Amino acid sequence: MRLSAIAWGFVAPALLVIGMFFLLPVATAAVLSLTDFDIYALADLRNLRFVGFENYARVLQTPLFWQALGNTFYFVVVGVPLSIMVSLGSALLLHSRLARFKPLFRTALFAPVVTTLVAVAVVWRYLFQTRYGMVNYALGQIGVHPIDWLGDPRTAMPTIILLAVWKNFGYNMVIFLANLQAIPEEVYEAARIDGASTFQQFVHVTLPMLAPTLLLVGIITTAGYFQLFAEPYVMTQGGPLRSTVSVLYFMYEEGFKWWNFGTASTVAMLLFVLIFAVTWGFTRVTKNEAGA
Amino acid sequence: MRSFVASAVVNGLLLGLALISVFPLLWMLSVSFMPAGAASALPPPLFPRTPTLANYQELFWRAGMVRYLTNSLLLAAAVTSCSLVFNSMAGYAFAKLNFAGRQRIFKALIGALIIPGQVAMMPLFLLLKHMGLVNTYGGVIVPAMAGIFGIFLVRQYALTIPDEIIEAARMDGAGEFRIFSSIIVPLLAPILASLAIFTFLGCWNDFMWPLIVLTDDKLQPLPVALASLSREHVQDSEMMMAGSVVTVLPVLVLFLALQKYYIQGLLVGSVKG
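Which chain is which? The protein sequence lines are X and H, in order. Under our numbering, the first residue of the first sequence is numbered 661, with each subsequent residue one higher. Under our numbering, the first residue of the second sequence is numbered 26, with each subsequent residue one higher.
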């Protein structure tokens, strides 16, 4: 009994912080999304009205929201598989018995992960600058005409995806590497005795053994990529032609530029539902495959 | 012969990836020492012909970089120390102390990990405004004083501590808090190091929340200040590179020094228990 009270004393401070500054606001966001909370309500709460699902109806009829959603999906659908493939590829290279200077390479490949996104986004902007950027100069050497990377709606998002992959692949690489090292050597031995080539070993031994990790990494990376914000904020400010406005960028502008907290909360709730649905879908698909 | 080719391919690819990974960072460092305008030339120069510290002097003496650097250090240090205390206490209790509802609360917390933090932003802003914390350091520090991920990290590690150690201390008549501070904390040291570097880096690199809650530029940390500086000084690539170096270098050095703990924390965190 007394011990229980003491135990509560240990968890209380943390639970208080999390409850008050995270869980309570999340619950409030759900309520806020059903109100017309705007700059007038910010000044005086008496201006607040309950509007039911009006915000949801209006947001779902806003073309810019759909564009933001489309842009975000583009970023996720291209960026996540690309990131995971680069992560897995580099983990396999680092795991290879032929690789030299492993700790050095690992540190170099991981370095972008710990850098500050805003700072490297600034660097990226100059590297991909049309006239004096290093990238266009290098491409010019092989005869490619200068590309207006961040000024052309067709290339702005791909440039942001490249930055995200460059910045993030090291994180999952380290996770893959640890799981590769945990696969017992005997399994490969047995496969080799059965005459399996290196590629066959990868498909029939490595990939199945990594499946749970792949699922977890897939979920975490997808959820993270849905939260795209700082890259477009720093590199393109949502442009050109709104081609890099993400859902969160849209939410930020609604909420903290126009102070439409009702609408912004609606967008946040929609993003949450989306991430939840995609995560749920991921686990469902894998469960079905495991059951088959 | 065949294995020689294979080895060349593997190491060649690794070298290529390593170059791609570090080139933007080295280029940033190199350009930061170029005089204004020198980087805008064809072919784009790789090294400064006449290295100068002028960009750094300009940033620190004219653009208020000392302030932003201090803000960043202060915020990250405060958040890290608070969350070390709160998360380690809670993580230990969830692993080793019995209390009603322990499993249920912990499960609920883990479930809440899926909620993107941005959902809370609008109500949190209103709450902090009500508390008078908008546009103060507290607006960044207070909501970050404890976190689910940190509790999880400590709990997973604390589970491996044998119960006998705690029982023996109780037999000797040590109080629960005494047991925690003089026996458990030293045993938790490695994971606390991981938690510390994770939290420090996370706070240092954070952008969206400080951007929202700190509109007064005297209080802003480096990433927020850098973002607005880079909008004002689009043409000054050399100075912006110096600003990026000041922002990135401290965390990069910290990571290189404590790499082992960072990777360890990353791996514990990626195995959901």
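We put the beta carbon where it would ideally sit given N, CA and C, even for glycine. All values reported here derive from a predicted model rather than from experimental measurement.
Rounded Cβ spacing between residue i and residue j (contact assumed at less than 8 Å)
| i | j | result |
| --- | --- | --- |
| Phe232/H | Leu777/X | 6 Å |
| Ser207/H | Gln289/H | That belief does not hold up - the Cβ atoms of Ser207/H and Gln289/H are roughly 24 Å apart, past 8 Å. |
| Thr939/X | Ile139/H | 6 Å |
| Pro685/X | Ala145/H | 4 Å |
| Val677/X | Phe205/H | That belief does not hold up - the Cβ atoms of Val677/X and Phe205/H are roughly 19 Å apart, past 8 Å. |
| Asp696/X | Arg709/X | 5 Å |
| Glu891/X | Leu823/X | 6 Å |
| Leu39/H | Phe765/X | 5 Å |
| Val795/X | Tyr831/X | Actually they do not touch by this definition, with Cβ atoms about 24 Å apart. |
| Phe788/X | Leu810/X | 6 Å |
| Val783/X | Pro60/H | The pair is not a contact, with the Cβ atoms about 19 Å apart (cut-off 8 Å). |
According to DSSP, residues forming a beta bridge with residue i
| i | result |
| --- | --- |
| Thr695/X | Phe710/X |
C-alpha distance - residue i paired with residue j, whole-angstrom precision
| i | j | result |
| --- | --- | --- |
| Thr732/X | Arg814/X | 14 Å |
| Gly298/H | Leu98/H | The predicted model places Gly298/H with a pLDDT of 37, which falls under 50 and marks its position as unreliable, so this point remains unresolved. |
| Val907/X | Ile190/H | 51 Å |
| Tyr287/H | Gly175/H | 13 Å |
| Met661/X | Glu201/H | Low confidence applies here, because Met661/X scores a pLDDT of 48, under 50, leaving its location unreliable; read the following figure in that light. Met661/X and Glu201/H: Cα-Cα distance of roughly 13 Å. |
| Ser262/H | Arg902/X | 25 Å |
| Gly679/X | Ala672/X | 10 Å |
| Lys121/H | Ile173/H | 17 Å |
| Thr946/X | Leu874/X | 10 Å |
| Met817/X | Pro900/X | 10 Å |
| Gly878/X | Phe886/X | 12 Å |
| Asn160/H | Leu152/H | 13 Å |
| Pro723/X | Gly915/X | 18 Å |
| Ala928/X | Gly164/H | 20 Å |
| Ala838/X | Phe223/H | 19 Å |
| Leu888/X | Glu913/X | 14 Å |
| Leu42/H | Asn36/H | 10 Å |
| Ala66/H | Trp86/H | 27 Å |
| Val847/X | Leu870/X | 13 Å |
| Ala103/H | Ile166/H | 7 Å |
| Ala728/X | Trp826/X | 23 Å |
| Leu247/H | Leu94/H | 6 Å |
| Thr767/X | Lys285/H | 11 Å |
| Val691/X | Val863/X | 49 Å |
| Trp52/H | Met266/H | 9 Å |
| Leu840/X | Pro741/X | 19 Å |
| Tyr792/X | Tyr909/X | 29 Å |
| Gly898/X | Ala703/X | 29 Å |
| Ser46/H | His258/H | 26 Å |
| Gly749/X | Val834/X | 11 Å |
| Ala952/X | Phe942/X | Unreliable placement is indicated for Ala952/X, whose pLDDT of 47 sits below 50; the coordinate value is still reported in the next sentence. Spanning the two alpha carbons is a distance of roughly 16 Å. |
| Ser113/H | Tyr734/X | 40 Å |
| Tyr700/X | Phe124/H | 46 Å |
| Leu78/H | Val56/H | 11 Å |
| Arg129/H | Ile135/H | 10 Å |
| Ala194/H | Val179/H | 21 Å |
Range covered by the alpha helix (DSSP H) that runs through residue i
| i | result |
| --- | --- |
| Ile222/H | 210-230 |
| Phe886/X | Neither: Phe886/X is in no alpha helix (DSSP H) and is coded neither H nor E. |
| Trp668/X | 662-678 |
| Val847/X | 845-853 |
| Gln245/H | Gln245/H -> no alpha helix (DSSP H), and no H or E assigned at all. |
| Leu153/H | 146-155 |
| Arg180/H | 173-183 |
| Ser97/H | 90-121 |
| Leu292/H | 284-295 |
| Ala133/H | 127-137 |
| Ile821/X | 813-841 |
| Ile186/H | Run containing Ile186/H: none; DSSP gives neither H nor E here. |
| Ile166/H | 163-166 |
| Ile204/H | 201-204 |
| Pro806/X | Pro806/X -> no alpha helix (DSSP H), and no H or E assigned at all. |
| Thr858/X | 858-861 |
| Val238/H | 233-238 |
| Met911/X | 907-912 |
(message) Quick check for students: name the residue ranges of the alpha helix (DSSP H) that lie wholly in the region 707-794 of chain X, counting only runs of 4 or more.
(response) 714-719, 723-755, 762-774, 777-787
(request) Mind listing, in chain order, the continuous beta strand (DSSP E) runs of no fewer than 3 residues lying wholly within the region 42-85 of chain H? (result) none
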